[in-house]
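**Student:**
Residue numbers (my numbering), protein chains in the order written: chain A, 77 to 499; chain B, 1006 to 1116.
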């Protein structure tokens, strides 16, 4: 293998055999192309390209890798080349065997061949061999994964007829992340969106979902399943109509006995969101026209802000900007006494030296954890809760517990290449 | 164009008779096992008793990873498993599966 690695490094410097195991690419953005003379005769070219694009996107959704289709660069610069053929094909020394048994194979140089004698079909055909499923499997090989004999793994060698919910399971995600690491990154805001719904019996129930926003796209995070929703991220304008399409600074839900209002903040302005109709208000029931200036509705608060959250314990909105915290008393419609204050005075570190020191990205009250989190970069600090303080009296009010990594708490919040965002 | 009548081509009939050779006996099973890395390719001229032992242990390992009863016998269930549609990458990494496709003459020159 050493000799082979040296041989490879001469011919294709961007590829190494990976220090933590199998084969790995050493860069995060990989180019792929369906080779012109290798189109399938069973699906239209657009179908084939769409299915392959989706297959690559599925790996992006669970790893830091991004894939982009490149139909122009010299072939030498394309990392993964795919093609269909029958029998002796595409200069490959492993003949295909006709219909049955071998339906595709992958070479570690990044070539993937599909046997066009097999009956490949689209994702929902319900018959034949799903090209999507086979493509995801073969891409897994190119990325360095071997066959995995675990029921439910996409890397099983044998093809299993169509399963309705074809997705990558937890172990497959960990396997690819063992090679390329977990998905890390900053967020603009994190929040739980509360909805009131009526059951068939007319009762009102309250539901919530957790959302992570980053620039112009967002993920719904399924706390139960410890992962994002299948197929996320999605562009903001698809799910949150009317808020700025390139992202927001903060989401605040003022929820008390007398109030129930959702706001999005961006720059010097803010919007109120109509949760029932899933769109921003142009005019809210109180007659306010949106967007409004932050300074107009929250006198004393300096914008733009870094982030903000509503603390139901004292009915204050806490706005964060640089190293300052502005606590705004909703009922008094003014800054709380003594504010703004330095963030260290409002949220003191429990362990000296372990503190975000301002410029935080997101302040998030989680109904799942019943706790407040301050996020900055790839880290978060949990705010000491009342229960903690009952147990450990020495803990300061609103103290920040030692930091942890966001990706070890909320899993697989991964970017995809912008060209595949709208798939 | 391959003949089809259904809009989604699901009834496409293969005009060619290319069918994968069905695995029915020890010889084809041995090819299968060596191709997917369960045993080294077999030198047919000189069969050693130890090689039939190699075939037996390779067969058992295949049965085990395929979730079949480990009988060491090339029974029907094992043949069905071997004939299923599958990926052409070997299940077990062998040196040959990592090799860059080379023509033999190149190898000779290199040495």
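Where a beta carbon is used, it is the ideal one built from N, C-alpha and C, also for glycine.
Only counting the same chain, and skipping five residues up and downstream in sequence, which positions put a Cβ closer than 7 Å to that of residue 367(A)?
**Tutor:** Taking the first chain and counting its residues from 1, one reaches residue 367(A) at position 291. These residues qualify, in order along the chain: 345, 346 and 347.
**Student:** Between residue 173(A) and chain B, is there a C-beta pair that is closer than 7 Å?
**Tutor:** By 1-based counting over the first chain, the position of residue 173(A) is 97. It does: the Cβ of residue 173(A) has a partner Cβ on chain B nearer than 7 Å.
**Student:** What does residue 154(A) pair with, by DSSP beta-bridge criteria?
**Tutor:** As a position in the first chain, residue 154(A) is number 78, starting the count at 1. Paired residue(s): none; residue 154(A) is not in a bridge.
**Student:** Taking the alpha-carbon of residue 970(B) as reference, which of 1085(B), 1065(B) and 1088(B) has the nearest alpha-carbon?
**Tutor:** Limits of chain B in this structure are 1006 at one end and 1116 at the other, which puts residue 970(B) out of reach.
**Student:** Who are residue 448(A)'s beta bridge partners in DSSP?
**Tutor:** Your numbering for residue 448(A) matches position 372 in the first chain. Under DSSP, residue 448(A) takes part in a beta bridge, and its partners are 441(A).
**Student:** Could you say which of 318(A), 119(A) and 297(A) lies nearest to residue 160(A) if we only look at CA atoms?
**Tutor:** By 1-based counting over the first chain, the position of residue 160(A) is 84. Among 318(A), 119(A) and 297(A), the Cα nearest to that of residue 160(A) belongs to 119(A).
**Student:** Less than 7 Å between the C-beta atoms of residue 45(A) and residue 190(A), yes or no?
**Tutor:** Because chain A spans 77 through 499 in this model, residue 45(A) falls outside it and cannot be assessed.
**Student:** If I follow the unbroken beta strand (DSSP E) through residue 401(A), where does it start and stop?
**Tutor:** Taking the first residue of the first chain as 1, we reach residue 401(A) at position 325. Counting along the chain, the beta strand (DSSP E) containing residue 401(A) begins and ends at 400-405.
**Student:** Counting only Cβ pairs nearer than 8 Å, list the residues of chain A close to residue 1080(B).
**Tutor:** Numbered from its first residue, the second chain carries residue 1080(B) at position 75. The premise fails here: residue 1080(B) is roughly 17 Å from chain A at the closest Cβ pair, so nothing lies under 8 Å.
**Student:** From the DSSP secondary-structure annotation, give me the bridge partner or partners of residue 1092(B).
**Tutor:** Translated into positions along the second chain, residue 1092(B) becomes position 87. Note: residue 1092(B) sits in a beta bridge opposite 180(A).
**Student:** Whole angstroms are fine: how far does the CA of residue 108(A) sit from the CA of residue 143(A)?
**Tutor:** Within the first chain, numbered from 1, the residue matching residue 143(A) stands at position 67. Within the first chain, numbered from 1, the residue matching residue 108(A) stands at position 32. Going by the C-alpha atoms only, they are around 7 Å apart.
**Student:** Around the Cβ of residue 276(A), are there at least 16 other Cβ atoms within 10 angstroms (buried) or fewer (exposed)?
**Tutor:** Translated into the one-based positions of the first chain, residue 276(A) becomes position 200. So residue 276(A) ends up on the exposed side.
**Student:** Please look up how many angstroms separate the CB atoms of residue 283(A) and residue 300(A), rounded, as I've assumed it's under 8 Å.
**Tutor:** One-based indexing of the first chain puts residue 283(A) at position 207. One-based indexing of the first chain puts residue 300(A) at position 224. Contact between residue 283(A) and residue 300(A) is absent: CB atoms are separated by about 13 Å, not below the 8 Å threshold.
**Student:** Thinking C-beta only, is residue 434(A) closer than 7 Å to residue 398(A)?
**Tutor:** For the purposes of this step, residue 398(A) is taken as residue 322 along the first chain, with counting starting at 1. For the purposes of this step, residue 434(A) is taken as residue 358 along the first chain, with counting starting at 1. Yes.
**Student:** Using alpha carbons as the reference points, say which of 167(A), 123(A), 163(A) and 422(A) lies closest to residue 174(A).
**Tutor:** As a working note, residue 174(A) is residue 98 in the first chain. It is 163(A).
**Student:** Is it the case that the Cβ atoms of residue 383(A) and residue 326(A) are separated by a distance below 7 Å?
**Tutor:** Position 307 of the first chain, counting from 1, holds the residue named residue 383(A). Position 250 of the first chain, counting from 1, holds the residue named residue 326(A). Cβ distance < 7 Å, so residue 383(A) and residue 326(A) count as in contact.
**Student:** Taking the alpha-carbon positions, what's the residue 491(A) to residue 156(A) distance?
**Tutor:** Working through the first chain from its first residue, we reach residue 491(A) at position 415. Working through the first chain from its first residue, we reach residue 156(A) at position 80. About 20 Å.
**Student:** So with CB distances below 9 Å, who are the chain B contacts of residue 205(A)?
**Tutor:** Your numbering for residue 205(A) matches position 129 in the first chain. 1090, listed in chain order.
**Student:** Can you say whether residue 1087(B) is buried or exposed, counting buried as having 16 or more other CB atoms within 10 angstroms of its CB?
**Tutor:** Your numbering for residue 1087(B) matches position 82 in the second chain. It is buried - the Cβ of residue 1087(B) has at least 16 other Cβ atoms within 10 Å.
**Student:** Does residue 365(A) pass the burial test, meaning 16 or more other C-beta atoms within 10 Å, or should it be called exposed?
**Tutor:** Working through the first chain from its first residue, we reach residue 365(A) at position 289. Residue 365(A) is exposed by the Cβ-count criterion.
**Student:** Bridge partners for residue 289(A) per DSSP, in chain order?
**Tutor:** Along the first chain, read from residue 1 onward, the residue named residue 289(A) stands at position 213. Looking at the DSSP assignment, residue 289(A) forms a beta bridge with 265(A) and 294(A).
**Student:** Quick check: residue 1069(B) and residue 1075(B), are their CB atoms within less than 7 Å of each other?
**Tutor:** Here residue 1069(B) corresponds to residue number 64 of the second chain, with the count starting at 1. Here residue 1075(B) corresponds to residue number 70 of the second chain, with the count starting at 1. Contact flag set, yes.
**Student:** For residue 289(A), which residues in the same chain have their Cβ closer than 6 Å to its Cβ, ignoring the five residues on either side in sequence?
**Tutor:** Along the first chain, read from residue 1 onward, the residue named residue 289(A) stands at position 213. Hits under 6 Å: 264 and 265.
**Student:** Which residue spans inside the stretch 341-384 of chain A form an unbroken alpha helix (DSSP H) run of at least 4?
**Tutor:** 370-373
**Student:** Following the continuous beta strand (DSSP E) through residue 393(A), name the residue where it begins and the one where it ends.
**Tutor:** The residue you call residue 393(A) lines up with position 317 of the first chain. Unbroken beta strand (DSSP E) run through residue 393(A): 392-397.
**Student:** Mark residue 1058(B) as exposed unless 16 or more other C-beta atoms lie within 10 angstroms of its C-beta, in which case mark it buried.
**Tutor:** Within the second chain, the letter at position 53 stands for residue 1058(B). Exposed, because fewer than 16 other Cβ atoms sit within 10 Å of the Cβ of residue 1058(B).
**Student:** Okay, do the stretch 211-219 of chain A and the stretch 132-142 of chain A touch, 3+ Cβ pairs below 8 Å being the bar?
**Tutor:** yes
**Student:** Just to confirm, are residue 482(A) and residue 456(A) a CB contact at a threshold of 7 Å?
**Tutor:** For this step, residue 482(A) is matched to residue 406 along the first chain. For this step, residue 456(A) is matched to residue 380 along the first chain. For residue 482(A) and residue 456(A), yes; Cβs fall inside 7 Å.
**Student:** Report all residues from its chain with a CB closer than 7 Å to the CB of residue 418(A); omit the five preceding and five following residues, and keep chain order.
**Tutor:** In the first chain, counting from the first residue as 1, residue 418(A) sits at position 342. Around residue 418(A): 399 and 400.
**Student:** DSSP three-state label for residue 486(A), please.
**Tutor:** Within the first chain, residue 486(A) is the residue found at index 410, counting from 1. Three-state DSSP puts residue 486(A) in coil, outside helix and strand.
**Student:** Which one or two residues does DSSP pair with residue 327(A) in a beta bridge?
**Tutor:** Locating residue 327(A) in the first chain gives position 251, counting from the first residue. For residue 327(A), which the question treats as bridged, DSSP gives the partners 340(A).
**Student:** Name, in chain order, the residues that DSSP records as bridge partners for residue 418(A).
**Tutor:** In the first chain, residue 418(A) corresponds to position 342, counting from 1. Partner(s): 400(A).
**Student:** Which of helix, strand or coil does DSSP assign to residue 97(A)?
**Tutor:** Position 21 of the first chain, counting from 1, holds the residue named residue 97(A). Unreliable placement is indicated for residue 97(A), whose pLDDT of 42 sits below 50; no coordinate value is reported for it.
**Student:** Going along the chain, which residues of its own chain have a beta-carbon closer than 6 Å to the beta-carbon of residue 154(A), five neighbours each way excluded?
**Tutor:** What you label residue 154(A) is simply residue 78 of the first chain in a count that begins at 1. Hits under 6 Å: 107, 109 and 146.
**Student:** My output table needs one value for residue 76(A): the three-state DSSP class, helix, strand or coil.
**Tutor:** Residue 76(A) lies beyond the residue range present for chain A, which begins at 77 and ends at 499; the question has no answer from this structure.
**Student:** Report the option in 126(A), 245(A) and 158(A) whose CA atom is closest to the CA atom of residue 112(A).
**Tutor:** Counted from its first residue, the first chain places residue 112(A) at position 36. Answer by Cα proximity: 158(A).
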